[in-house]
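Trainee: When we follow the working numbering, the leftmost residue of the sequence shown carries the number 2, and every step to the right adds one. We treat Cβ as the ideally placed atom computed from N, Cα and C, and that holds for glycine. Note that the coordinates shown come from a computational prediction; the quantities given were computed from them, not determined experimentally.
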Amino acid sequence: MRNTKVIAVAAVAVLSGAALLAGCTAPRAQTAAAKPAATHCLPAPYQETLFLRGRFTEGVAREDYALQWRCNAYLINVDLSGEQTFRIQDARLGGGVLFGGPPGATTALQLNTAFVLTGGLRADAGELKYVFAGPATVRLDFGGTGGKPTVTIGAKSFVDVDEKPIDDAAALSLRYDSRDSAHKQPFGAIVAGKEIEVALSAKPGIARATLVIETRRLEGWQEVLEYRELARVPLTRVANGADERWEGKYKFDEIGIYGYYFEIESGGRRYLYTNNADPVPFTREVGSNGRGAVINAPTDAARIRRYRQTVYRADYRVPDWARDAVYYYIFPDRFRNGDRGNDPKPGVDKFHAGTVEFHKNWLDKPWLPRSGDGSDGEYSNDFFGGDLAGIIEKLDYIRALGANALYINPIFTASSNHKYDTADYREIDPHFGTTAEFEKLNREAAKRGMRVILDTSLNHTGRDSLYFNRYGNFPAGGAFDHGKINPDSKYAKWYLFYADETDPDRQYKGWAGVADLPELDKSQRSLRDFFYGKDGVMQLWLGHGLSGWRMDVTPWIPDDFWREWRTAVKQAKPDAVAVAETFFDASKYFLGDEFDSTMNYIFRSSVVAYANGAKAGDIYRNIELMRENYPPQAFYALMNLIDSHDSARALHDFGWRDEAKDSAETVALAKRRLRLAAFFQMTSPGAPAIYYGDEVGVTGGDDPFDRGTYPWPDLGGKPDEALLAEYKKLTRLRHAESVLRRGSLDAPIYIDDRVIVLARRDGAQWALVAMNNDAAPRTLKVRLPAAIATAHFRDALTGARLAAAAGTLELTVPAMYGSVLLSHSSAPASKRAAGK
2 MRNTKVIAVA AVAVLSGAAL LAGCTAPRAQ TAAAKPAATH CLPAPYQETL FLRGRFTEGV
62 AREDYALQWR CNAYLINVDL SGEQTFRIQD ARLGGGVLFG GPPGATTALQ LNTAFVLTGG
122 LRADAGELKY VFAGPATVRL DFGGTGGKPT VTIGAKSFVD VDEKPIDDAA ALSLRYDSRD
182 SAHKQPFGAI VAGKEIEVAL SAKPGIARAT LVIETRRLEG WQEVLEYREL ARVPLTRVAN
242 GADERWEGKY KFDEIGIYGY YFEIESGGRR YLYTNNADPV PFTREVGSNG RGAVINAPTD
302 AARIRRYRQT VYRADYRVPD WARDAVYYYI FPDRFRNGDR GNDPKPGVDK FHAGTVEFHK
362 NWLDKPWLPR SGDGSDGEYS NDFFGGDLAG IIEKLDYIRA LGANALYINP IFTASSNHKY
422 DTADYREIDP HFGTTAEFEK LNREAAKRGM RVILDTSLNH TGRDSLYFNR YGNFPAGGAF
482 DHGKINPDSK YAKWYLFYAD ETDPDRQYKG WAGVADLPEL DKSQRSLRDF FYGKDGVMQL
542 WLGHGLSGWR MDVTPWIPDD FWREWRTAVK QAKPDAVAVA ETFFDASKYF LGDEFDSTMN
602 YIFRSSVVAY ANGAKAGDIY RNIELMRENY PPQAFYALMN LIDSHDSARA LHDFGWRDEA
662 KDSAETVALA KRRLRLAAFF QMTSPGAPAI YYGDEVGVTG GDDPFDRGTY PWPDLGGKPD
722 EALLAEYKKL TRLRHAESVL RRGSLDAPIY IDDRVIVLAR RDGAQWALVA MNNDAAPRTL
782 KVRLPAAIAT AHFRDALTGA RLAAAAGTLE LTVPAMYGSV LLSHSSAPAS KRAAGK
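See below:
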């Protein structure tokens with residue numbers, strides 16, 4: 002995505018500052034509750050569901066923070082601790098219902114004190130702040146002075162009828178685990194036309210059990226989330242010793258994402274056995290699958306936590322090379338200046354109606370408007386001069402690091418330094434180079450066994466573009482020439498205009514309300530043909546040597562567009578990789594008709610939390626969810642990142658915030674955490690992505706500081722050579738041992754609060770991968786799978802030898818790091834082809 006500061010009003014920051022959030026929601030049925038006489042009750046003022054959205058939800062409109070309308074107020078019980086900031090919003094990213102404090106400020110709330118809110122539909126509002134100390138009730142009331150909305154936080158007082166304690170012994174004995182073969186077969190995602198077999202276990206006393214199957218509709222940035230009942234399957238009671246099993250099966254004929262849960266009758270009451278309440282990073286639906294929970298049948302069906310089942314096409318193919326990729330991820334303006342002759346020139350090169358800014362010092366920090374750093378008031382117009390020539394110059398460095406694929410942020414002509422505001426999709430930005438240089442980049446990369454994938458947005462253009470032409474910087478013919486609607490433009494139907502508005506920058510729809518990014522109407526046939534029809538943009542650059550595409554803001558583009566797009570891309574180059582940009586559970590894109598992979602922000606969130614000391618079980622359930630929900634061909638091709646141009650740098654998240662003031666101990670600890678995160682990344686299924694500079698200790702907080710320059714020594718930089726050597730060691734190990742790239746992955750064979758041990762298998766080769774986020778080494782005994790019950794192992798990093806005895810292995814996992822133990826039958830790494 003582009004500079005996110007411009008949408009900060011509409012959404013709480015996520016990923017330590019990148020504002021990448023959820024969208025609007027479908028209406029939900031209102032719940033009933035004990036209430037005053039009907040004449041005193043009011044209808045809900047908004048059809049949309051409202052949510053508490055803050056850092057505790059990663060900015061997402063999450064179902065467990067949905068407010069309930071009860072007669073005359075919105076209410077929710079929460080259990081939070083410490084200072085929390087939030088707004089009350091519907092699920093949309095921008096332009097929806099929003100309540101908070103005065104815009105541009107954070108307002109502190111006081112216990113039991115009503116605060117008059119700012120906001121409403123398509124309104125602006127600042128954050129609210131409150132220091133929580135456990136269970137509390139938040140109340141949004143529209144019956145205050147003059148009918149103004151007020152918020153009050155007090156001790157827990159809201160009686161939620163759905164939270165009534167369950168005392169039925171038979172119901173409480175119910176067990177189901179979607180990852181246990183005793184309860185569900187086959188495991189995980191399935192091919193269309195296959196059936197699943199399920200079984201609940203329980204003590205005697207259950208009168209009836211039914212499997213409920215539903216189809217799911219999820220659109221946009223989770224802005225529409227709906228379930229529709231498809232089938233009800235009565236389960237059969239089967240004796241199981243002193244207990245019982247309730248068994249059934251269901252065949253899924255069509256691809257899609259389905260929800261399911263179990264309806265139970267016991268003791269004359271109705272219960273549900275549903276997914277658990279675990280939050281999933283950036284995902285609106287809660288529930289990590291696996292072991293579930295018994296709940297009272299809720300008064301609002303939207304509160305049911307469904308298990309999710311992925312059903313995909315039998316012919317789903319992902320490029321084989323994607324399993325073996327190690328990406329080097331480059332923000333072009335900040336990597337290397339290889340041609341000073343094409344540098345942007347202040348006073349000569351335009352930025353909208355003004356001019357660009359340029360850093361004479363490569364080691365400057367990016368400028369932040371209105372921060373007092375001497376820059377102007379424009380975002381994303383300061384340049385450093387990085388270009389394609391610089392990337393070509395450093396290909397040997399990148400290959401020596403161990404990367405065999407380049408992922409490059411947009412390089413097409415655009416005004417900004419991030420280039421997501423495309424001005425011409427068919428031209429390389431002249432400050433980055435030429436088409437000939439792009440072809441050279443692909444040729445030189447191929448000589449080194451490397452591939453190149455590019456990034457672009459098909460959701461929006463720039464307003465300063467050939468197609469829109471807001472400032473008249475392009476020849477006449479844009480849809481909004483010089484700030485005036487041009488109905489005669491061949492691009493006019495590509496955009497949505499509001500002719501009744503007087504402010505030019507409000508006369509069109511901007512993506513997420515951002516005026517700089519006019520949103521495209523993806524339903525237009527002429528637009529689709531331009532992008533992926535005969536001789537379209539996609540085919541043009543694939544023809545110049547490109548190996549795939551990463552598609553910006555994927556969820557804002559409809560599924561039928563992506564289906565056509567995939568067909569066109571694969572026809573042009575069958576082994577081109579198709580990578581989505583999603584933050585939430587991306588299962589819907591992995592049905593075989595849209596994408597091969599996604600930028601794995603769930604992985605990032607989990608690994609960063611673990612390296613920062615989170616409990617292993619709390620984060621690894623997210624990895625297990627992806628293993629279960631994603632088809633294996635997609636799971637093994639995921640772009641596994643630990644930071645990006647839309648998030649704070651990993652080292653910043655690990656505690657290195659101030660390069661000038663932080664102590665040596667703080668920096669050293671942050672780098673130890675980074676080493677652990679890199680170990681996790683390099684030993685996991687999926688394609689690791691190294692964000693340029695991470696490997697030499699670049700840090701930086703929220704945008705724009707996450708987009709700093711690479712510290713080249715010849716320009717006065719001081720790269721951390723020891724950290725670089727660590728990255729090289731890990732990439733060498735990954736390339737040398739196919740079991741780390743292609744080996745099977747099952748549930749951990751050992752997990753506690755600090756340590757995770759995985760057993761992976763690739764043919765006859767086994768690897769035990771152990772990780773430890775404790776500050777001290779951990780010695781433990783691990784029960785092994787039967788196939789390696791007496792195996793001998795070699796530590797791939799230290800060379801130490803270990804032997805199992807009677808199915809148990811004792812090992813010591815280094816502090817804040819990990820071990821890779823290879824079964825003794827493995828050939829020496831030197832005899833295997835590295836980097837293949």
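Check whether the stretch 622 to 635 touches the stretch 783 to 791, counting contact only when three or more Cβ pairs, one atom from each stretch, lie closer than 8 Å.
Mentor: no
Trainee: In terms of residue numbering, what span does the beta strand (DSSP E) encompassing Arg271 cover?
Mentor: Sequence index remark: in the sequence shown, residue 271 carries index 270 (1-based). Element bounds for Arg271: Arg270 to Thr275.
Trainee: Between Val61 and chain B, is any beta-carbon pair separated by less than 7 Å?
Mentor: You won't find chain B in this structure, because it holds only one protein chain.
Trainee: From Leu459 to Leu521, what does the alpha carbon distance come to, in whole angstroms?
Mentor: The residue labelled residue 459 in the question sits at position 458 within the sequence shown. The residue labelled residue 521 in the question sits at position 520 within the sequence shown. Roughly 8 Å separates the two Cα atoms.
Trainee: Sorted by chain position, which residues of the same chain lie with C-beta nearer than 6 Å to Phe839's C-beta, five sequence neighbours on each side aside?
Mentor: Any answer about residue 839 is impossible in this case: the structure gives the chain only from 2 up to 837.
Trainee: Could you check if Arg209 is buried or exposed, using at least 16 other CB atoms within 10 Å of its CB as the buried criterion?
Mentor: For the purposes of this step, residue 209 is taken as the residue at position 208 of the sequence shown. Exposed, because fewer than 16 other Cβ atoms sit within 10 Å of the Cβ of Arg209.
Trainee: For Glu128, is the classification buried or exposed, using 16 other Cβ atoms within 10 angstroms of its Cβ as the cut-off for buried?
Mentor: Here residue 128 is taken as the residue at index 127 of the sequence shown, counted from 1. By the neighbour-count rule (16 or more Cβ atoms within 10 Å), Glu128 is buried.
Trainee: Apply the 10 Å Cβ neighbour rule to Val609 and answer buried if 16 or more other Cβ atoms are within range, or exposed otherwise.
Mentor: As a first step, residue 609 must be located in the sequence shown, where it is residue number 608. Val609 comes out buried.
Trainee: Using alpha carbons as the reference points, say which of Leu173, Leu746 and Asp456 lies closest to Ile265.
Mentor: As a first step, residue 265 is located in the sequence shown; it is residue number 264 there, counting from the start. When only C-alpha atoms are compared, the closest one is Leu173.
Trainee: Under 7 Å Cβ to Cβ from Ser824, same chain only, skipping five residues before and after it: list those, please.
Mentor: Position 823 of the sequence shown, counted from the start, is the residue given in the question as residue 824. Gln766, Trp767, Ile789, Ala792 and Phe794.
Trainee: If you run the structure through DSSP and keep just helix, strand and coil, what is Asn78?
Mentor: Sequence index remark: in the sequence shown, residue 78 carries index 77 (1-based). Note: Asn78 maps to strand in three-state DSSP.
Trainee: Whole angstroms are fine: how far does the CA of Thr151 sit from the CA of Asp142?
Mentor: Translated into positions along the sequence shown, residue 142 becomes position 141. Translated into positions along the sequence shown, residue 151 becomes position 150. Answer to the nearest angstrom: the Cα atoms are 5 Å apart.
Trainee: Just checking, does the stretch 372 to 382 make contact with the stretch 406 to 419 on the three C-beta pairs under 8 Å criterion?
Mentor: yes
Trainee: So, helix, strand or coil for Gly819, using DSSP?
Mentor: Sequence index remark: in the sequence shown, residue 819 carries index 818 (1-based). Strand.
Trainee: Which residues does DSSP pair with Asp425 in a beta bridge?
Mentor: What you label residue 425 is simply residue 424 of the sequence shown in a count that begins at 1. Paired residues: Thr414.
Trainee: Mapping DSSP to helix, strand and coil, what is Val98?
Mentor: In the sequence shown, residue 98 corresponds to position 97, counting from 1. DSSP, reduced to helix, strand and coil, places Val98 within a strand of the structure shown.
Trainee: Measure how close the beta-carbons of His545 and Glu440 come, nearest whole angstrom, since I'm counting them as under 8 Å.
Mentor: For the purposes of this step, residue 545 is identified with residue 544 of the sequence shown, where counting begins at 1. For the purposes of this step, residue 440 is identified with residue 439 of the sequence shown, where counting begins at 1. Sure, about 5 Å apart at Cβ, within 8 Å.
Trainee: In whole angstroms, what separates the C-alpha of Ala193 from that of Gln540?
Mentor: Mapped onto the sequence shown, residue 193 falls at position 192. Mapped onto the sequence shown, residue 540 falls at position 539. One C-alpha to the other measures close to 30 Å.
Trainee: Might you give, ordered along the chain, the residues of its own chain that have their beta carbon closer than 7 Å to the beta carbon of Pro367, omitting 5 neighbours on each side?
Mentor: Here residue 367 is taken as the residue at index 366 of the sequence shown, counted from 1. Cβ within range, chain order: Asp383, Pro705, Phe706, Arg708 and Gly709.
Trainee: Measure the C-alpha to C-alpha separation of Gly702 and Lys730 and round it to an integer number of angstroms.
Mentor: Residue 702 sits at position 701 when you count from the first residue of the sequence shown. Residue 730 sits at position 729 when you count from the first residue of the sequence shown. Taking the straight line from one Cα to the other gives about 27 Å.
Trainee: Within the same chain, show all residues whose beta-carbon is closer than 7 Å to that of Thr107, passing over the 5 residues directly before and after it, in chain order.
Mentor: Taking the first residue of the sequence shown as position 1, residue 107 is located at position 106. These residues qualify, in order along the chain: Thr86, Gly127, Glu128 and Lys130.
Trainee: Whole beta strand (DSSP E) runs in the stretch 650 to 694 with 3 or more residues, listed along the chain?
Mentor: 688 to 692
Trainee: Do Phe433 and Gly391 come within 7 Å of each other at the CB atom, strictly closer than that value?
Mentor: Here residue 391 corresponds to residue number 390 of the sequence shown, with the count starting at 1. Here residue 433 corresponds to residue number 432 of the sequence shown, with the count starting at 1. No; because the gap between Cβ atoms is not below 7 Å, this pair is not in contact.
Trainee: Could you compute how far the alpha carbon of Val295 sits from the alpha carbon of Ala62?
Mentor: Counted from its first residue, the sequence shown places residue 295 at position 294. Counted from its first residue, the sequence shown places residue 62 at position 61. Their Cα atoms are separated by approximately 24 Å.
Trainee: Please state the DSSP three-state secondary structure of Asp430.
Mentor: Position 429 of the sequence shown, counted from the start, is the residue given in the question as residue 430. Of the three classes helix, strand and coil, the one that applies to Asp430 here is coil, per DSSP.
Trainee: Since I believe Arg246 is in contact with Ala200 (beta carbons under 8 Å), could you give me their beta-carbon distance rounded to a whole number of angstroms?
Mentor: Here residue 200 corresponds to residue number 199 of the sequence shown, with the count starting at 1. Here residue 246 corresponds to residue number 245 of the sequence shown, with the count starting at 1. Between Arg246 and Ala200 the Cβ distance is about 5 Å, and since that is below 8 Å, they are a contact.
Trainee: Name the two residues that bound the continuous alpha helix (DSSP H) containing Glu565.
Mentor: The residue given as residue 565 occupies position 564 in the sequence shown. Asp560 to Ala573 is the extent of the alpha helix (DSSP H) around Glu565.
Trainee: Contact between the stretch 162 to 172 and the stretch 213 to 227 is defined here as three or more beta-carbon pairs at a separation below 8 Å; is this criterion met?
Mentor: no
Trainee: By a C-beta neighbour count over all protein chains shown, 10 Å radius and 16 as the cutoff for buried, is Lys510 buried or exposed?
Mentor: Numbered from 1 along the sequence shown, position 509 holds the residue referred to as residue 510. With 16 or more Cβ atoms within 10 Å of its Cβ, Lys510 is classed as buried.
Trainee: Nearest-angstrom Cα distance between Asp316 and Val756?
Mentor: Taking the sequence shown and counting its residues from 1, the one referred to as residue 316 is at position 315. Taking the sequence shown and counting its residues from 1, the one referred to as residue 756 is at position 755. Near 38 Å, if we compare the C-alpha coordinates of Val756 and Asp316.
Trainee: Cα separation between Pro46 and Thr119?
Mentor: The sequence position of residue 46 within the sequence shown is 45, counting from 1. The sequence position of residue 119 within the sequence shown is 118, counting from 1. Spanning the two alpha carbons is a distance of roughly 16 Å.
Trainee: Buried or exposed for Arg318, please, with buried defined as at least 16 other CB atoms from any protein chain shown within 10 angstroms of its CB.
Mentor: As a working mapping, residue 318 is identified with position 317 in the sequence shown. Exposed is the call here.
Trainee: Indicate whether Ala480 and Ala493 have their beta-carbon atoms separated by less than 7 Å.
Mentor: By 1-based counting over the sequence shown, the position of residue 480 is 479. By 1-based counting over the sequence shown, the position of residue 493 is 492. Yes, they are a contact pair.
Trainee: Where does Ser606 fall in DSSP's three states?
Mentor: Within the sequence shown, numbered from 1, the residue matching residue 606 stands at position 605. The answer is helix: DSSP assigns Ser606 an H, G or I state.
Trainee: Identify whether Ala401 lies in helix, strand or coil by the three-state DSSP scheme.
Mentor: Here the question's residue 401 lines up with position 400 in the sequence shown. Ala401: helix per DSSP, three-state reduction.
Trainee: Mind listing, in chain order, the continuous alpha helix (DSSP H) runs of no fewer than 4 residues lying wholly within the stretch 586 to 644?
Mentor: 602 to 612, 617 to 630 and 633 to 636
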